[in-house]
Each structure stands twice: as structure tokens, then as C-alpha cells.
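**Student:**
Protein chains in written order, with my numbering: chain W, 906 to 1172; chain G, 39 to 305; chain P, 12 to 344.
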């Protein structure tokens, strides 16, 4: 069966991820700490204004948004750029290119293992805790379905961006520099550090035309919206679909072109 | 054998450091890209800061310029750990691959020898960025200037640096005991992101936690109070230099203990 | 004379995690872990004189590196005593480091991006080598090998052979009393191996440096060592003169030839023609074990060529593993 060879990669990824018990506990502690800091910080911020609602977001909304953004980040960030970069530098990439499936697909399916593990180990617990903690401030209805679909698109877009940035490593040895730039740009412009709702209007207009907001802002705003109009859902998912397709095409084309160039020049 | 005093170590340090800078320069593209990456990180940090304050006038009684001061202070005080102790990030790989053994075979202090090997120049970009922010906030706040203030500033910046260095040493040294200690280091290094907030936003329990258990508040908050709020300086601020030295010494002992216990990777 | 290295009944034990297999095992590992004790070095004693070259042999995982790490002060023995040049290595690590030099065949201790001469200069400072001694040492190096082209080449651009050579020179630079060489010729070609052996021998002669050499290569042992210590599974098997061991392995070599046709049949024919050799055949090769105290490989080859058209040939030295097997079988004491 064709799916089986991909599932094997998924399974191997899960086993590998579980090997690191300590790192898992520490990651939980780190997320918890972040949660605490975020909570107090925004509590203090909201305490300094007279209104409860700022730019359409209440304190609870903001908190849920940021906490879930972190949880999403935890399972979408996979150090792909580092992996590609190191493979290129060590020359191991040659072996991966010889695998009987395209490199991009090979990587994607290898990472699905950690997607699955991280989803159950970090995102789901966080989601449940937040849902209880905020006494049902997260609407539980059809929006969950839209959220799930949106996350799948987000994963695809994020993976493509990482893959494009990883491809740049074919041209330069500076993995750290490339990766940090990507990380900073994605986190800021996707609304993962500060919700897009708080952005000044002009900046927000610009950001809306970029693919990054589809990664964190799109799924989270769908999740927090209890009664979205059909139009909102369609536009958000439509834009995501567009970016998922566009970024996939760009990443594949860029990779193929780069690899051809490298093999011709003998790297 | 001759005694190995401070002068001996200083000379070796400068020599190794000069060599490291020389060899870094031979990868010029990497240097430039890393520096740009570093600048991007700082700019992005500043932008989120600015976005926040464009919607909210103050956080817990701390205005824009005061918060900016804290922010600049934390950036400057983080420079030494970035520039001089960056090899801590490679410790895990060195231990894992067994290459760490080469540091154990020289007749000089192991910790010193290990840390001397890398000087991270791109940290200087952060230093300049932080310094400019700090001076800008200083001027805008109308704090005035005296030699005593400058001296205080330097002492307390160094204090903050020592605490951060201590935290990083201790976090990096965990790799002598556990696999994949990257997460520990990553966890601790996130503290520096929290350092720029005033400790008063937290509840008493967490104030205690961030003061005595995870000394995040000493990275910027307590030391900068000496300059920022000179009429109400808590005792903790005044004794923070001692705390800094104490923490550093403890972390050094911990690091060395791990390194000497280290047993290579089997065969 | 006082021995330079004195080892009495050392033992080293490691705690090793038993990882469980499969997905279920990984999940169980999350909650409970189970360790086992492995004895890497088991009650070893030896004493080594200044100026000796000692070959320290054993198969992979025999405990060679562990012993070396204990002698260099990196590891503390679980029990037993070690004295290296009067120091307890583990307790006086830095003092001990001043007296020894170490080379690990596959990992360099030089500064990766720097030309060799810069590494030498840093080492000069670290080991506090007086100018006169340093200059003299460089002169000695120049007389032994052609180091001029190496000195100005960054280590990362060197070939493995050049790098090993450089590492050996760096290890001898501060004129240590003892140099530990861990697999110095691993992965090198024949001419580079010869070059490195000559260098080690010359430095040992000139500086009267004690050399402890671990290797898999019997060629290294033949060229350099008067004395051999063999360990296996942490236990000492043999500690004596090389000539003593030679009678068990030194005279044997395996000649392998390929001839077109039915190899089994040829093997039988050759057995008749060469009664002093034992002959066997597999699908590809005819193997002839030649006892060189009775005849030479060249004679055997000449004899074969006289009768057959040889398409390909190989000559194999007896390996450490085979020596150990032979020791087990015949019980050297």
C-alpha cells in the first residue's frame, strides 16, 4: 500500500520524539512559565486602561489567543531549516536525494510524526486547560471544525516557508542567520507575539497581504469567533488555501531549480 | 611548572580570541548574514514593544520610556553572555560526539579554555542597539548625568550580565547528565525575554519565584531601579552585585563538576 | 629506574541505560528506566618504563579508550590506583596534562580554521614552552618531515593524513614525558602510514618519549612496538615482548587469488602442489594461508603463476581479532 511507506516515517518520528523524556518535561515547564508571564503581563496591560475591550479583544480573548498561538508554535516549529542546512553541510543530503520519493515530501512525512506527538502532548493539553481555566470562553461549536481545517493549511504554509528558507542554505553556510531572520519575521508578522488586532491600521493592512498571518492569526481568529458569518469563514480559509497552494508551488519550484543548479555546478 | 596567574590567562584569552575573530572573518558572508539576523531580532523586539505601547499608555505604572530603559538595559547586559560565552551552545554537541575530551587534556582551567574558544561578534550589534535605546530612554526621561551614576550603571550592568552568564552556564552544563539538553538551555534563555518586564506585575508567589528561584528579575529590573527610581531602591538592588558574583561562582562549580564527571561516550 | 606509568588493579564500571524497543517500549521508557552495570575495564595492572613504545591492542569495545582516558585524567577509575609520572591523573588533571600529549586518530585537537603555525603558537603559550625549546622543537620537526607547506595551511583544508601528522607534532610540541596515540593511522593510505610510523619512531628516539599506542593495525605494531599489551572485554590477555607473540601470528599471511574456472577444484589442486599451506575456497577467492617461516608469499605466488592465469590477488595481514582468537585457542602465558 502506498500510504504505508509514509506511515512508517510517521511512526519512526513518534518513537524518536518519545525518547526524550526530560526534554518533554522541560518543554512543558517552559510553556507553563511562558503562560504565567503572559498572563500577568497582559493583566497588567489591561489594568492600565479603563475599558475591558481593546480593539475588539477582551483580556480573556487576548490570553487565549496568545497561549494557543504558543501551543501552535510548539507543534509547528520543527527546526526544519537547521535539519536541511546541516544535511547540506555534511553532505548527507545526497543520500536523502536518492530516496525513492521527492525530498520535500520525504521531509514532510518524516515530520508528521512530531506533528502528531506534539499535537497530543502539547497542543491538546494546553487547549483543554485553557478551555477549563477560562470557564468556556472558547466557543465549542462548528468553529472547532473550521479551526482544524485552518490548522492543516497553516501547517502546510509554515512547512513551505521553512522549506524555502532551508533551500536558501544551499547557497550560504549561514544557517543561524537565515533561520533567525525567518523566525523573527514569521513570529512578528503572523501575530504570534502580539495579536494582529493590536497592530496599527497601516501595518495591519500590509500584513494582511502577506502569507504569514495565515499561520497563526487565521486559525486563532476562526477559533475565537463563536458565530462567524459564512463569508468570514470562506474568505479566511480561501486566503489560506491560496497561500498554501502558492507557497507549495514556489517551494517546490525553488528547490528543483536550486538542486539542478547545484548538481550542474558540482556543489 | 610556572604558576598560572591572571596575566597568563588574560594573555592566552586574548590570543585565542584574536584567532577566533580572524577565522570568523574568513567566513565573511556568514558573518554578515548573522549580523543582519541579529539586527532583525532586535528590531522585531522593538517593533512589538512599540505596537504594545501604541495601544496601551503604560504597564503597571511604567511608562513608555521607563519600559524602554528596562528593555535597553536588558539588551546591553545580555551582550557579555552572547559574545563571550556562546560556546555553551555547542557544549551539547561536543559532549555527545565525544569531542569534548580534547578540552580535558590541556594544562589550563577547563572552563576557561572551553569558553575562550568562541567569541561571538554579532553580539556587538545587539550591544550597540541596546546602548542606543538605553541612552535615548535616559535622555527622554531626563535622568541627568553624573560620574557616580555612570559608575553605578556599569556596576549594575555587570551584575546583570553575571546573572545571565550564570544561568546559561548552569543550563548548558545539564548536558553532562541528560540527553538533548538543548531544551533546558532554550528554556533558560527565554528568561531573557521576560527580563524586560517590571517584576511588580507578578503576584507575590511569582515575584518570589523570579527573584530567588529563577533570578530573572536581576537581569534588568532590580539593577536598573538604582538609576530609574533612585528614591525607592529596595535592598535587593543594592546586594544584587553580590548575588551576581555568588550565582556565577555556583554555576562555575556546577559546570566544572559536570565536566569532570563527564565520561566521554563509551569506547 | 622508576616506572613512568604504574597501574595497579584498576577497574572501571559504567551505568548503561537499557532502552526498550519499539513504540510500546518508548512509551514505557517514559515512565520507568532500567540500568545495567557494564565493566569496561576489569582489574588491569601494568607498569611502563620511560622511553618504551607500548602497543595497546584489543578489538572494538575492549576497553582500550577507557584505560587511556583514565591515564589522561579524564576518567576516574572505579577502583585501583594509577600513577602517571608521579601524579594521580584524575586528581591533578591539569598538572598531569602538562606531562602528556594525546592524539585521537579521528578527531583533531587543533584549531580548525587556523593555519597549523597559529595552533602551535597558542599551544606554546598554553604549555608555557620556553622560546628556546620551542624553536629547537620546530627545527627537529623540520629535519624529520617536510612541515613547511603544512605550517601555513588551515587545518580544515588538510587531508586526513596531513591532519594526523599535524596532530602528532602538536602532541609532542611541549616535549611531554608520555604521548598517547589512539588509532593514529586509522583510515590512512600505505605511504602516509609509513610516514607517520617513521615520525613516531624518530620522536621516541630523539626525545626518549614514552609512547602508548592503541591500534588495529598490526603494521603499526610491527614497525614501532617492543612490547604489547592485549585486552579483550576489559580483561588483560597478554603483556609481553612482541617477539614472544610473533611466533603465534607474525609469520602468517593470507594470500587470496582469483582464477577463472571452478575454484573448489583448483583449491584441491593447489593443496597438492603446496603441502605446507592450508588452502580454502569460497565463491570468489581461493585463500592460501602462508607460513612465512617455511616459505615466502613470493614463492607461492610464483608457483601459482606457473600453473594458472591469476586474474586478481590480495594479501592480508593477520588481524588483531585473529591474534586474540589464536591466544584464546593456544593460551599464551
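Yeah, the Cβ is synthetic: ideal placement off N, Cα and C, and Gly gets one too.
Here's the rule: buried if 16 or more other CB atoms are within 10 angstroms of the residue's CB, otherwise exposed. What is residue 1160/W?
**Tutor:** Buried, by the Cβ-count rule.
**Student:** Comparing alpha-carbon positions, which option in 50/P, 61/P, 99/P lies nearest residue 19/P?
**Tutor:** Of 50/P, 61/P, 99/P, the residue nearest in Cα terms is 99/P.
**Student:** In the DSSP output, which residue or residues are listed as bridge partners for residue 290/P?
**Tutor:** Its beta-bridge partners are 299/P.
**Student:** How is residue 91/P classed by DSSP in three states: helix, strand or coil?
**Tutor:** Three-state DSSP puts residue 91/P in a strand.
**Student:** Keeping to the same chain, check which residues put their C-beta closer than 6 Å to that of residue 233/G; ignore five residues upstream and five downstream.
**Tutor:** Answer for residue 233/G: 112, 254, 257, 258, listed in chain order.
**Student:** Taking all protein chains shown into account, do 16 or more other C-beta atoms lie within 10 angstroms of the C-beta of residue 310/P, making it buried, or fewer, making it exposed?
**Tutor:** Exposed, by the Cβ-count rule.
**Student:** If residue 93/G sits next to residue 960/W, beta carbons under 8 Å apart, how far is it from one beta carbon to the other, in whole angstroms?
**Tutor:** Residue 93/G to residue 960/W, Cβ: 7 Å. Contact.
**Student:** Does the stretch 87 to 104 of chain P come close enough to the stretch 138 to 150 of chain P that 3 or more CB-CB pairs lie under 8 Å?
**Tutor:** Too few Cβ pairs lie closer than 8 Å, so no.
**Student:** If we define contact as Cβ-Cβ less than 8 Å, is residue 205/P a contact residue for chain G?
**Tutor:** So no, residue 205/P is outside the interface.
**Student:** Looking at the C-beta of residue 190/G, does it have a partner C-beta in chain P at a distance below 8 Å?
**Tutor:** No, no contact with chain P.
**Student:** Determine the contact status of residue 1079/W and residue 61/G, defining contact as a CB-CB distance below 8 Å.
**Tutor:** No; because the gap between Cβ atoms is not below 8 Å, this pair is not in contact.
**Student:** Let me check understanding here. Comparing Cα to Cα, which of 195/P, 59/P, 227/P lies closest to residue 177/P?
**Tutor:** Ranking the options by Cα distance to residue 177/P, first place goes to 195/P.
**Student:** Give me, in chain order, the residues of the same chain whose beta-carbon lies closer than 8 Å to that of residue 1151/W; leave out the 5 immediate sequence neighbours on both sides.
**Tutor:** If we look at residue 1151/W and ignore the five residues flanking it on each side, its Cβ neighbours are 1116.
**Student:** Within its chain, find whatever has a CB closer than 8 Å to the CB of residue 263/P; leave out the 5 residues flanking it on each side and keep chain order.
**Tutor:** These residues qualify, in order along the chain: 300, 301, 302, 303, 329.
**Student:** Pick helix, strand or coil for residue 165/P, following the three-state DSSP scheme.
**Tutor:** In this structure, residue 165/P counts as strand in the three-state DSSP scheme.
**Student:** Kindly indicate which three-state DSSP category residue 222/P falls into: helix, strand or coil?
**Tutor:** Residue 222/P: strand per DSSP, three-state reduction.
**Student:** For a contact defined as C-beta to C-beta under 8 Å, what are the partners of residue 225/G on chain W?
**Tutor:** The answer, in chain order, is 931, 932, 934, 935, 938.
**Student:** Can you list, in chain order, the residues of its chain with a C-beta nearer than 8 Å to that of residue 1077/W? Leave out the 5 residues immediately preceding and following it.
**Tutor:** Within the same chain, residue 1077/W has close Cβ partners 1083.
**Student:** Per DSSP, what are the beta-bridge partners of residue 126/P in this structure?
**Tutor:** According to DSSP, which records beta bridges pairwise, residue 126/P is partnered with 165/P.
**Student:** Would you say residue 142/G faces chain P, with C-beta separation under 8 Å as the test?
**Tutor:** Chain P, which has a Cβ nearer than 8 Å to the Cβ of residue 142/G, makes this yes.
**Student:** Between residue 193/P and residue 116/P, how many whole angstroms is the CB-CB distance? I'm expecting something under 8 Å.
**Tutor:** The pair is a contact, with the Cβ atoms about 6 Å apart (cut-off 8 Å).
**Student:** For the beta strand (DSSP E) that contains residue 115/P, what are its first and last residues?
**Tutor:** Unbroken beta strand (DSSP E) run through residue 115/P: 111 to 115.
**Student:** So, helix, strand or coil for residue 1034/W, using DSSP?
**Tutor:** Here residue 1034/W sits in helix by DSSP.
**Student:** Does residue 965/W come out as helix, strand or coil in the three-state DSSP assignment?
**Tutor:** Helix, per DSSP.
**Student:** Report the option in 129/P, 168/P, 290/P whose CA atom is closest to the CA atom of residue 181/P.
**Tutor:** Out of 129/P, 168/P, 290/P, 129/P has the C-alpha closest to the C-alpha of residue 181/P.
**Student:** Just list the beta strand (DSSP E) runs in the stretch 107 to 133 of chain G, keeping only unbroken ones of 3 residues or longer that don't cross its boundaries, in chain order.
**Tutor:** DSSP runs (the beta strand (DSSP E)) wholly in the stretch 107 to 133 of chain G: none.
**Student:** How is the beta strand (DSSP E) around residue 325/P delimited, first residue to last?
**Tutor:** 321 to 328 is the span of the beta strand (DSSP E), which, as asked, contains residue 325/P.
**Student:** Can you check whether the C-beta of residue 1019/W is within less than 8 Å of a C-beta belonging to chain G?
**Tutor:** It does not; no Cβ of chain G falls within 8 Å.
**Student:** Just the C-alpha distance for residue 136/G and residue 1090/W, rounded to the nearest angstrom, thanks.
**Tutor:** Going from the Cα of residue 136/G to the Cα of residue 1090/W covers about 36 Å.
**Student:** Flag this pair as yes or no: are the beta carbons of residue 1063/W and residue 1131/W separated by less than 8 Å?
**Tutor:** No; because the gap between Cβ atoms is not below 8 Å, this pair is not in contact.
**Student:** Out of curiosity, what's the CA-to-CA distance linking residue 344/P and residue 253/P?
**Tutor:** Residue confidence is low: residue 344/P scores 42 on pLDDT, short of 50, so the model does not pin down where it sits. Its coordinate-derived value is still stated next. Cα to Cα, the separation comes out at about 13 Å.
**Student:** Against chain P, with Cβ distances strictly below 8 Å, would residue 118/G count as a contact?
**Tutor:** False, the Cβ-Cβ gap to chain P never drops below 8 Å.
**Student:** What in chain P is Cβ-close to residue 49/G, meaning under 8 Å?
**Tutor:** Ordered by position in chain P, the residues that pass the 8 Å Cβ test against residue 49/G are 136.
**Student:** Grab the span of the alpha helix (DSSP H) containing residue 1061/W for me, first residue to last.
**Tutor:** Its alpha helix (DSSP H) spans residues 1047 to 1073.
**Student:** Below 9 Å on C-beta distance, what does residue 118/P contact in chain G?
**Tutor:** Neighbours of residue 118/P on chain G, chain order: 135, 136, 137, 139, 140.
**Student:** Comparing C-alpha positions only, which one of 1026/W, 1147/W, 988/W sits nearest to residue 1016/W?
**Tutor:** Nearest option by C-alpha distance: 988/W.
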